Amino acid sequence: MEADVLIVGAGPAGISAALTAEKFGAKVILIDESFSPGGQLRQQTQYFSNLPTGYAPDIGLKVIETLIKHLYASSVQVYTNHTMIGAYKNGMIGVTDGNKTFPILARANILAPGAQEEAKIFPGWTLPGVMTAGAAQILINRESVLPGKRAVMIGTNNFAFTVAKQLHDCGVTIEAFIEEKSQITCSDGILRDELKHVPVWTESTVQIAQGTGQVERVSVHTPEGRKEIDVDLICISNGFTPILEPFVIMDCELTYKKHLGGWVPLYNEKLQTTNPSCFIAGNAAGITDLGPILLTGEIAAISALEEIGILNSEEAEIERRKRWLELEKLENTAVCQARKNLIASSRSRQSPLTKSK
Amino acid sequence: MEKSTIVCRCEEINIEEIELAIKNGARTFDDIKRLTRCGMGPCQAKICMNPVREIIATYTNTPLEDIPPPRLRMPAIPVRLGALANGVEDFKESSIASVFGESVEDGDEQNDESV
Amino acid sequence: MVMNKMTKVFDCIIIGSGVVGSSIAYHLSERKKYEILLIDKSYPLSGTSGSTQAWVWVHSKTPNWYGELSMYSAELYAYLEKKIGDFEYKRTGGIAPFYNEGDRDKALKLAEEQGKVGIKIDVLTRDEVLEKEPAVSPKIAGATFSKWDGNLNPFRLVELYIRAAKKNGVQCSFYNRVTSIKKVRGIFHVETEQGVFQGNNVILAGGPWSKELGKMLGVYIPVRQVRGQILITEPLKPFLKYTIGGVRQTDNGEVLIGYSKEEVGYDRRTTLDVMQQTARMAIDLVPALAKANIVRAFSGIRVIPEDGLPIFGEIPGIKGAYIAVMHSGITLSAIVGTLMTELLIDGETSLDISRYSLKRFSNLPNRKI
Amino acid sequence: MQIHIHPVLGEKFTEEVTFYFNNKPLKAKKGQTVAAALMANGIRNLGTSRKFLQPRGLYCATGRCMSCFVTINGVEHVLSCMTLVDEGMKVFPSNEDPDPGSEINGS
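Chains as they are written, first to last, in the numbering used here: chain A, 689 to 1045; chain B, 193 to 307; chain C, -8 to 360; chain D, 25 to 131.
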């Protein structure tokens, strides 16, 4: 298979990158390891309003459905059930469909693998019924399956509250939030209000989850002493961290930025990594809000096309600047600061970023 | 936390085992991996990467940012050997040697030498 | 440099804590109350010894006196395990398949040569191989087989060497790179990132990094770096009984696959090119592996002396400086540790090791002592 | 448990399929993953860990943790969270290491 641009990951960033590259005239291949495109947006039933120009505010999965419709109407070649597993010595990305493994010959790559949820360990966390908040959300919103009847949510961040609310709406009883810090970290007042009937145990940690064959109860250390409740579902929401394997495979340098989720590939204002043929988009870059995620896809696509000469540098610079301006309006301030920091640190290196040995 | 708490789901390695490795001088995830098998299972440290890094940070009193992730290796996800073998037709530039072939080559060389 | 009275002078400083260095440290410490320092630029097992198939391979090591040395090492491992603990040493027997009937004559010649030193090799027909190891593909023509071959767990071996050495008083300094070695009034000053150490003797056991260590003493070490890439399956039920040339199953159930050779310096990346070639080789040899999940590929930088044979012994012209560098460190560590100990403590060895001396390269162009 | 009418999405899946877990026939919705189809039928225990023989089930649902391995139509260690359920599919829990030996004796 051959293309101008190969995009790895068909979440919102990858699809946005694919559509942008295609619009500017590139031949694009988009692969995703899942059986359908859409990434983690496929199960977001909450409303998104801070979207870039051209996007209608809607619930997440409607936003992605619209994008997927455009995708299939475009000339982008979409391969689901195709996973990037490695790289050849000439730098080409290797992909498997489960039956065979082969290179995709592209002149530039955009890596948009997304982020994964951080684990939170405690005795019994390996029991069936203990899962990430994201897994529970997939079950209810993508699979129409209830993961349990009585749950606790570990963590009080925005995502924890979002999933707790959606579980609650599907009929799951949320018994408590368990938060090790001294206060709730969710910044969304409306969400907090909607779940104000759920007790929040702060300065609390799970002592143990127990059960025969699956989780049946949980014991929690709280400032008021030990609390024990019967639950059949424990959700862990401990934040997200960028998925790194595709970048490491492509020899992209990593750097540490706490507010971008920990270790993250180093990239510049073109969203180019230290491997000049690899660009980054979306959650893997530590960008967390949907609007900015969509814009990073566009920026990465423009830079990739500049790299391979489909766009000239002036055009590319104009298109990029337009999108960065819009992105900054939509971006969360802590993330924005950390991202600027990262880009600044890339600038202090040789420019353009040189491939690390 | 209870020292017997499992950190690596795949290989079922607990906090105590990781701390013991650190006590024996291990400083990176990869050091711990080789001593304990932590992170060597099918998920290849995708899930335990940061919990282990946190344990190293706490135990050695080192900032988290100074503890690199483990070496993330190919394949990015488990792949059937058959699927890996299929797909590339042309193996003529193979760098795979054979044990047998090698010994015979060495043997031939030996006859030319007077040792 | 002025010597400080307070500065300790080690009897021996060993540079490199891989399987060879740690074996020497252990064997020395076991013989005598020696002040020993074991230094490594990184942590044990981060280099070659931690990225190997870990065969203890005897039968096709030629010339036959090299096979003989390997055979003695295989014998010593069984005994060593009783002393330092279980490193999963198994003398499984080794099968080296060949695919063309025309290779049978070569196989018979190998069997004859090795037989002279007591390494019994059977040259098997295809059916005999399949009877021994039903998982092997009927596509092979035959194989050489010897009971001497086996494998072990290199992680356990090196860890146990070091643990036993520490118990015997060996001091270790890890994550400490050696930056220079000087000999001042008969004493070696080993400069490291963490300061200077002094020793009456110094042993270079740096594996692929030996060349750099040699330079510090002004000695050319004729070795090449060769990358080997290995695939590893997830644990499978035991189904391979023997160590097969290219494929072996560990105690834990994983199958280690690979026999690639590339000259790429210290580049330890893996590449899909070689991974796919390796996969094809494995399926041609053991077809049932096709369904096994590969969870990891890794590569190690092997060290290959220019004539393929081990180099160990005193470095000619520098009294008190020794070297031990070889391709098959896992196979040879037990015998090399034993012989180097004899050499340092007794001044003579129970086996003649002169043919392993660095001296044999004295006509090499780059050589300078 | 199956959600028949989702509060936001309504009735998402319509077509029903039959698959087997431990040879027992179960109903699922076409479009669901095997992991979800099993959970809809109250089955959360998908396998047994190697060392301590503890139960394992769906954890990340994104194909990364490998905790949801099952045997599907004779292929061992398949990710149930990444595989769509299909009519007549035969699923077994993953309680032991994969066994290439069975194939050798069978052939």
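C-beta atoms are modelled at their ideal positions from N, C-alpha and C, and glycine is treated no differently.
Everything numeric in this text was worked out from a predicted model, so none of it was measured.
| Query | Result |
| --- | --- |
| Option nearest A/R880 by Cα separation, candidates A/F847, A/A1026, A/G927, A/S892 | A/F847 |
| Continuous alpha helix (DSSP H) assignments of at least 4 residues falling wholly in the region 6 to 83 of chain C | 10 to 22, 55 to 75 |
| Residues of its chain near A/L983, where Cβ-Cβ distance is below 7 Å and the 5 sequence neighbours each way are ignored | P740, R1011, E1014, L1015 |
| For A/S763 and A/E710, believed in contact at Cβ under 8 Å, the rounded distance | 6 Å |
| Contact the region 775 to 790 of chain A vs the region 722 to 739 of chain A: 3+ CB pairs below 8 Å | no |
| Where D/S37 meets chain A, residues with beta-carbon distance less than 8 Å | With the sequence shown as reference, residue 37 of chain D is identified as Phe, and Ser is not the correct amino acid for it. Ordered by position in chain A, the residues that pass the 8 Å Cβ test against D/F37 are S832. |
| Beta-bridge pairing of A/F935 - partner residues as DSSP gives them | According to DSSP, which records beta bridges pairwise, A/F935 is partnered with nothing at all. |
| 8 Å Cβ cut-off: residues of chain C touching B/V271 | N284, I285 |
| Contact check, C/T262 vs C/G249, beta carbons under 8 Å | no |
| Of the listed residues D/H28, D/E40, D/L33, nearest to D/M113 (C-alpha basis) | D/E40 |
| Min CB distance D/G98 to chain B below 8 Å | no |
| Which of helix, strand or coil DSSP assigns to B/D300 | The pLDDT assigned to B/D300 is 37, lower than 50, so where the model puts this residue is not dependable, and the model offers no usable value. |
| CB contact below 8 Å: D/P124 versus chain C | yes |
| Close beta carbons around A/T820, own chain, < 6 Å, minus the five adjacent residues each side | E805, I924 |
| Per-residue burial, A/A807 [other beta carbons within 10 Å of its own, 16 or more giving buried] | buried |
| B/D304 burial status per 10 Å Cβ neighbour count (16 or more: buried) | In this prediction, B/D304 scores a pLDDT of 31, lower than 50, which makes its location untrustworthy; the coordinate-derived value is nonetheless stated afterwards. Exposed is the call here. |
| Endpoints, the alpha helix (DSSP H) within which C/A155 is located | 145 to 158 |
| First through last residue of the alpha helix (DSSP H) which encompasses A/P740 | Element bounds for A/P740: n/a, residue is neither H nor E. |
| CA-to-CA distance, C/M272 to C/L222, given in whole angstroms | 11 Å |
| 3 or more residues per run - each beta strand (DSSP E) lying fully within the region 713 to 778 of chain A | 716 to 719, 765 to 767, 771 to 775 |
| C/L115 to A/L815 span [Cα, whole Å] | 50 Å |
| Chain D contacts made by the region 219 to 249 of chain B, where a contact means CB separation under 8 Å | G233, P234, C235, K238, I239 |
| Assigned exposure category for C/S353 - 16 Cβ within 10 Å defines buried | exposed |
| Pairwise C-alpha distance: A/E831 and C/D275 | 41 Å |
| The region 131 to 149 of chain C touching the region 79 to 90 of chain C, judged by at least three CB pairs closer than 8 Å | yes |
| The region 100 to 115 of chain D touching the region 47 to 58 of chain D, judged by at least three CB pairs closer than 8 Å | yes |
| Spatial neighbours of D/S133 in its chain, beta-carbon cut-off 6 Å, leaving aside the 5 residues before and after | Any property of residue 133 of chain D remains undetermined from this structure, which presents chain D solely from 25 to 131. |
| Cβ-Cβ separation, C/V277 to C/A126 (assumed contact under 8 Å), whole Å | 5 Å |
| Through-space distance from C/Q44 to B/A237, alpha-carbon basis | 21 Å |
| Rounded separation between C/G197 and A/W951 - CA only | 32 Å |
| Spatially closest choice to A/P930 from A/G949, A/K945, A/E912, A/E916, by CA coordinates | A/G949 |
| Whether D/P124 touches C/L227 by CB criterion (8 Å) | yes |
| Reference A/P745, options A/S965, A/A775, A/L978, closest by Cα | A/L978 |
| Cut-off 6 Å between Cβ atoms - residues of its own chain near A/I826, not counting five sequence neighbours on either side | Q731 |
| Beta-carbon proximity list for A/F810, same chain, < 6 Å, skipping 5 on both sides | V894 |
| Positions along the region 757 to 791 of chain A whose CB lies within less than 8 Å of some CB in chain C | I773, G774, A775, Y776, K777, G782, T789, P791 |
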